[in-house]
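Notes follow the structure.
Number of protein chains: 4
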Amino acid sequence: MDIFGNIESNVRSYCRSFPDLFTKAKGSKLVAASGKEYIDFFAGAGALNYGHNNDFIKKQVIDYIMGDGVIHALDMYTQAKKEFLVTFNEYILKPRKLNYKIQFPGPTGTNAVEAALKLARKVKNRTGIFSFMGAFHGMSLGSLAVTSNSYHRKGAGIPLDNVTFIPYCNTFSNGFDSIDYLTQILADSHSGVEKPAAIILETVQAEGGINVAPVDWLQRLAELCRQEDILLICDDIQVGCDRTGTYFSFERAGIIPDIVILSKSISGYGFPLSLLLIRPELDIWQPGEHNGTFRGNQLAFVAGRAALEYRKNTSLSDEVRLKARLLESFLKEQIASIHRQIEIRGIGMIWGVDLSRCGEGDLAKEVARRCFELGLIIERVGRGDTVMKIMPPLNISRDELMAGCQILGQAIRETLSRKSADGLKGAL
Amino acid sequence: MDIFGNIESNVRSYCRSFPDLFTKAKGSKLVAASGKEYIDFFAGAGALNYGHNNDFIKKQVIDYIMGDGVIHALDMYTQAKKEFLVTFNEYILKPRKLNYKIQFPGPTGTNAVEAALKLARKVKNRTGIFSFMGAFHGMSLGSLAVTSNSYHRKGAGIPLDNVTFIPYCNTFSNGFDSIDYLTQILADSHSGVEKPAAIILETVQAEGGINVAPVDWLQRLAELCRQEDILLICDDIQVGCDRTGTYFSFERAGIIPDIVILSKSISGYGFPLSLLLIRPELDIWQPGEHNGTFRGNQLAFVAGRAALEYRKNTSLSDEVRLKARLLESFLKEQIASIHRQIEIRGIGMIWGVDLSRCGEGDLAKEVARRCFELGLIIERVGRGDTVMKIMPPLNISRDELMAGCQILGQAIRETLSRKSADGLKGAL
Amino acid sequence: MDIFGNIESNVRSYCRSFPDLFTKAKGSKLVAASGKEYIDFFAGAGALNYGHNNDFIKKQVIDYIMGDGVIHALDMYTQAKKEFLVTFNEYILKPRKLNYKIQFPGPTGTNAVEAALKLARKVKNRTGIFSFMGAFHGMSLGSLAVTSNSYHRKGAGIPLDNVTFIPYCNTFSNGFDSIDYLTQILADSHSGVEKPAAIILETVQAEGGINVAPVDWLQRLAELCRQEDILLICDDIQVGCDRTGTYFSFERAGIIPDIVILSKSISGYGFPLSLLLIRPELDIWQPGEHNGTFRGNQLAFVAGRAALEYRKNTSLSDEVRLKARLLESFLKEQIASIHRQIEIRGIGMIWGVDLSRCGEGDLAKEVARRCFELGLIIERVGRGDTVMKIMPPLNISRDELMAGCQILGQAIRETLSRKSADGLKGAL
Amino acid sequence: MDIFGNIESNVRSYCRSFPDLFTKAKGSKLVAASGKEYIDFFAGAGALNYGHNNDFIKKQVIDYIMGDGVIHALDMYTQAKKEFLVTFNEYILKPRKLNYKIQFPGPTGTNAVEAALKLARKVKNRTGIFSFMGAFHGMSLGSLAVTSNSYHRKGAGIPLDNVTFIPYCNTFSNGFDSIDYLTQILADSHSGVEKPAAIILETVQAEGGINVAPVDWLQRLAELCRQEDILLICDDIQVGCDRTGTYFSFERAGIIPDIVILSKSISGYGFPLSLLLIRPELDIWQPGEHNGTFRGNQLAFVAGRAALEYRKNTSLSDEVRLKARLLESFLKEQIASIHRQIEIRGIGMIWGVDLSRCGEGDLAKEVARRCFELGLIIERVGRGDTVMKIMPPLNISRDELMAGCQILGQAIRETLSRKSADGLKGAL
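Chains as they are written, first to last, in my numbering: chain L, 21 to 448; chain F, 21 to 448; chain G, 21 to 448; chain X, 21 to 448.
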């Protein structure tokens, strides 16, 4: 694998955590060149909710390519786009009584975030955006400005302006109430903070450490936005597409954001795609005002439509809720019991095992490394990368799910034991 | 097609110029649901240099999907990426004695431009970037700041800072010399302009109106950057990948940029992909400092590697240069002769027919509309969208190339005649 | 007085609150052309701590002008500057064991704030500044960015960047603790807020509504700055020069800011002057790096030195503390008793009578207007300008002080009665 | 003089060029503590057009202070302000048929520039400002952003945004025409430069190196602003108040700026004062929207009014024009003849002797040092501080003027001889 070290930029990262050469993948398994199989609790950072090479989707993808369907067409009218739009409207929007216009920006999450911020500023003719501490929204300059991680922010090379960060719901000490705080600074003519065009929200912070916003907090936030004439943008890139047990993550709170951003699993097959849902009265874009060569990825439309059928045919939401309970039980009973300082947080099929208070050192890093040895791919997130993030494909079998969880438990136990032994040795 | 108007955002644009429903595509032809065929002089804005559904590439794409190759893997090590890297290195870099590290950012051009600007600022620890008037680099906030079109810039909703625009080589009046100007403001302690981290360059401005930078201008610019310790970033997104008759557009000038950006046709099949070539000593990225879920689009690696083989097997560069002469002759002889104010500009297989001085009104728009009726898809670029852009797939057959050119000539003649007749009527 | 309306810009403001034509002034009295005398509880917004036309200072000013002393010399060496420096060092710095370098920027408070911010950013090589909600630091772009009042901020016409606002000590609800908040966001790698170069502080917010920071809060803030390597800038423009009962306002907390800004009463006679006190190791200015034609106002040096002698000869600090008690007693007993929702806040000889919760409407505005009719000049500050600000010259006689207070009491009582009567009428 | 080195900040600058301790001043002479007299070709950087301690003005200043006139009153109505307004209107505006509102911002030039920029952005609702290369407008953040000197700009510590620099009229090579350039970038939708709110102009760049804009260039600029709906701000801080032979420097071109900024000699006696002249329809300030404690410096009003009388009584403009010819002749005949590479530039009583092309090294610095030894105070300006700036009080006697010029000539000759001798020695 020297080729990567020799030719690929030093910026590469996941390959450092998962140092094997992957060749094939199916369902919840990744297979290395050596034949070693890995259970996948990472799921392409959320892009593979329907599993690797899902056969149902695959068939339609193959058929489309075989038939010389249009592969690239920018934002021209195509059959593939039409069918995606109709299906998304029929299967997702209508049943939820949601009325949104759909925009296809460049096919990555950050492109969509950029579009949302531009549109919000244009609609409200205000320059500011509020974002939450712990938020992750992307790496291009506009998205980076609303991303809170200092490691990434430093990469900008210029000051990141026009954004104010607010503590997220439950991550600040001493009963700090973010909504009260927001209310107060918006009401105060001397807060030094102008009313923003929008507040950008993750209902569950994934990169921030698996922080799940309570329903009433989400409702109070949405109400505040309404009262103050501030747009609410929901970045559902990672936790939309059924991840939390409903198609959109905000459904559990009964709120309706002004703009919703989807990406990652929206194409169903790991193909790049992203989209914005926009309340119709906000769709004041001029033609081509925001553009991009790969907006409207046709093959992703094909796969995305198939994915919408797949999730419907398999009653995937129900399945997620069932497995969520299984997962929650295991984590709270089998994992939390390993060390009294372990904290379990999550919803649906995204869960965090927070190891930040279980002693010093790179505990989580070592746990992840041991998991990998044992055949489990699992990411770390949160401050200091100390939270193990469990995010398998939604259609993972219960056996594989439990097998992965067992590996995680074993890795935590082993690592803590070794650390404890090392500590004793160190003390002697 | 009401579905699009009802559901898709008002931001859609190309569909307004090319209002038909497309279903299939092959080579240099797009096919509508009605069965009508169109010659494609647009080529996915440069993403389809090797033609729609190129059979050589298609076979490898199909095989990969059929074999359950990894489709999504962020920046993990995969067989598909490895083969792409090796092939790109062997076929492209080594023969040109180029020594670059390769970075895969999010798979759109603007993601790559963002990465390049961040890296340049980080390397040089300076905040400014110089860009050229007429430049187009993308729609996310960092890329938009170096894009000159006021229509797009207004979309930002905030001031776009840390960029200074310089007149492009041959687009300013009265013998203005951009390199002299650059030299002077960099030397002047009272120019008010700080030395930038980088200058971002298109060797041929495509969106800016098909402006081809002369070789000596490119050489003087590169030399100035070297002397002043400023990075030279070449955005080869649209005119790289053989478009100008060499693989990289800057080869004709014998210069070596510090950072090169490729996208569009790099995947060969219209799949989203982009990459940066970085001089090794500049590759000071920290792991994951710039990231993105769809970086490392595996299927695009497969198609991209196939495309590199395809271009080699078919001696595509030679073919381009031959057809370029054919094209140039036709345009200068058959098109320029229609009206003495028509200006022809271009290189390789990217040419512009500048109609801006052929009378008033939406001449170019009407020409494009008439072309579309006659079965030719052709885009307009430049100030006021007055330049017809001829950019077919590179492997278009000579017959189709000539057929498209004939349609363009017919459309210009007809439109000018009608306008002239209207003018006479208006004068009566 | 039509001349003013006809010729002077609409920006004029205090003349609207105090609409008389003033000709002469002495001690704590302003005299109008009509002969009407006003007690001055405004004191030139703090520039007249030693009274109008103080005879002791006046004599030295007259002598200097009569003797053709240098009046204007930028930052050349002059006898007047030398004597000021020596006296300030001997009388103020040495007795307090303070070791500061002195800089004379342009002679207004905002010029000095600009210099302080530039120096802090230069020293720390960071772009951010923290400021407090309610803060007022000036109207030029750098100072305005750290000023919180939205009315003033809107005047900038561009986004005001590189500043983060933090709630001030005791102005936020529910036991919010600013120091805890600061500690948390500085410790959190995902707060989205970079470590600032400096925190700029008023120990008593005057324009913000007479908010007095508690001693322990000031101490915790200073300690936090020390631990986090953040400069502490104390803007003592309005409440320095003996206003709070000690020469510097921060003396009561025993803290030593890294940079101190003085202006307003530093010249003793209402002449423009400002200065920075800089910890010697931070004085990394290059010669002339910050300049200005009126830096080093010679006549202000003469008057300023005389004022330093005057305050010493008259034991002014002791006098302030005595009168402060008198003032506090009166306000808490005679004024607070008028209405149970009146809140009294203050220290030394700067006090606020907060009328914001005493019913609706422009109560404070009407009280100020009635005071003016009755011969008292008094300003309003705070959110909505609802706090009457009592800030007479420090050497006001006790009789005049009490007379002014009586007028204020009368005005509040009368206005409340009238409002109450109006309310009754309105209700009938 | 150790006291200064020990206590005063390293930022002090002019004292390094003129290292003597000054005590008294009269007319065009400064007197040191030692009794040594210096002819003043510096004139307080333009603040002393009417000479040091001008007796006519002095009398009125003394009378005002003796009579306990109001010294400090912010922007309240005072007799002193009224008389200044009336006199300025009668003596300056009306005879020139100028219709302006007058604003008194904080009493330094940079405060006034800040106010002008804020007002322009507010009026036009645009964020950009154009400024000229070589321009100097002040050190606070807004003014610094339109100041071109990189030495000063670096002091900001943050990027200085929202300003575009344009080459000044005659300082760029090869027949570059700034007005053509401006016209072109404003007309070009792809210039990357948005239409600015205003262009800020010095009709003579003083700090920039004594560059005098030709009349037709000024007229074309004014016309361009009018056509493009861009405000023209004339910063007449240094070359207004009769310096160029007319009261306003722009009178020679017959143009009428939208906003004019005066400071420096407007108070006539070296007291801090500045003002804006605003076309009435642009005076959309809200009351107090821009403020400052020392706006409306009363003693400066008294002196300023006296100065207006003085210049009228002495027909100063005529006197300036006469002496200008004398000065020009001397410089072009006696100074330019010393070395064929000396360039003479100037107008009225501001002239530059450009030594930049007379060999290497700190020639100008040594000339200035030698002048100082010989009893002449003279500043250096321009790129590299290589231009000797001749700017005596306007009422300097012809004898003193000639005496100063003789010293300058002697210093240049001596320094060139010595350098030449050193060069010979170095060559041996």
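Glycine is no exception: its CB is placed at the ideal position from the N, C-alpha and C atoms.
Minimum Cβ-Cβ distance from residue i to chain G less than 8 Å
i, result
"Arg-403/L", "yes"
"Glu-363/L", "no"
"Asp-442/X", "no"
"Pro-179/L", "yes"
"Thr-406/L", "no"
Cβ of residue i within 8 Å of any chain L Cβ
i, result
"Arg-173/G", "yes"
"Asn-333/G", "no"
"Gly-260/G", "no"
"Gly-228/G", "yes"
Within chain G, the residues that residue i reaches when beta carbons sit closer than 9 Å
i, result
"Arg-116/X", "By Cβ distance, chain G contributes nothing, its closest Cβ being about 15 Å from Arg-116/X, past 9 Å."
"Ser-376/L", "Result: empty, since nearest Cβ-Cβ is about 12 Å, beyond 9 Å."
Listed by chain order, chain G residues near residue i by CB distance under 7 Å
i, result
"Met-153/X", "In chain order: nothing, as chain G lies at least about 20 Å away."
"Asp-303/X", "Ser-29, Asn-30"
C-beta neighbour in chain X for residue i, strict 8 Å
i, result
"Val-213/F", "yes"
"His-210/F", "yes"
"Thr-313/G", "yes"
"Phe-150/F", "no"
Sequence-distant residues of its chain with Cβ nearer than 6 Å to residue i (five each side left out)
i, result
"Ile-205/X", "Ser-211, Val-213"
"Phe-152/F", "Ile-186, Tyr-188"
Chain-ordered chain X contacts of residue i [CB-CB under 7 Å]
i, result
"Asp-95/G", "Arg-32, Ser-33, Tyr-34, Cys-35"
Same chain, Cβ closer than 7 Å to residue i, five either side skipped, listed in chain order
i, result
"Phe-104/X", "Phe-321, Gly-324, Arg-325"
"Ile-77/X", "Tyr-70, Gly-288, Tyr-289, Ala-323, Ala-326, Ala-327, Tyr-330"
Cβ distance (whole Å) where residue i is taken to contact residue j below 8 Å
i, j, result
"Gln-99/L", "Thr-167/F", "Actually they do not touch by this definition, with Cβ atoms about 32 Å apart."
"Thr-184/X", "Pro-216/X", "7 Å"
"Ile-286/F", "Cys-261/F", "6 Å"
"Ala-15/G", "Val-224/G", "What is shown of chain G runs 21 to 448, which leaves residue 15/G out entirely."
Cutoff 8 Å; reference residue i; Cβ partners in own chain excluding five residues on either side
i, result
"Met-21/G", "Pro-39, Leu-41"
"Val-81/L", "Tyr-289, Leu-319, Val-322, Ala-323, Ala-326"
"Thr-147/F", "Arg-141, Asn-182, Glu-214, Ala-217"
Contacts of residue i in chain L (Cβ-Cβ under 9 Å)
i, result
"Phe-24/F", "Tyr-97, Lys-101, Lys-102, Leu-105"
"Thr-223/G", "None at all; the shortest Cβ gap to chain L is about 17 Å."
Interface flag, residue i vs chain F, CB-CB below 8 Å
i, result
"Asn-457/X", "Past the edges of chain X, shown from 21 to 448, lies residue 457/X, and the structure says nothing about it."
* Report yes or no: do three or more beta-carbon pairs, one from the stretch 148 to 164 of chain G and one from the stretch 336 to 344 of chain X, lie closer than 8 Å? => no
* Asked: Would you call the stretch 125 to 133 of chain F and the stretch 46 to 58 of chain L touching, i.e. three or more CB-CB distances under 8 Å?
  -> no
* Within the chosen definition, does the stretch 61 to 74 of chain X reach the stretch 405 to 418 of chain X through at least 3 CB pairs nearer than 8 Å? -> Contact holds: three or more Cβ-Cβ distances are below 8 Å.
* **Three CB pairs or more closer than 8 Å across the stretch 220 to 234 of chain L and the stretch 365 to 377 of chain L** => yes
* To do: Report yes or no: do the stretch 105 to 122 of chain X and the stretch 26 to 35 of chain G share at least 3 C-beta pairs separated by less than 8 Å?
  => Yes, they touch.
* Counting Cβ pairs closer than 8 Å, one from the stretch 239 to 255 of chain X and one from the stretch 85 to 98 of chain X, do we hit at least three? -> no
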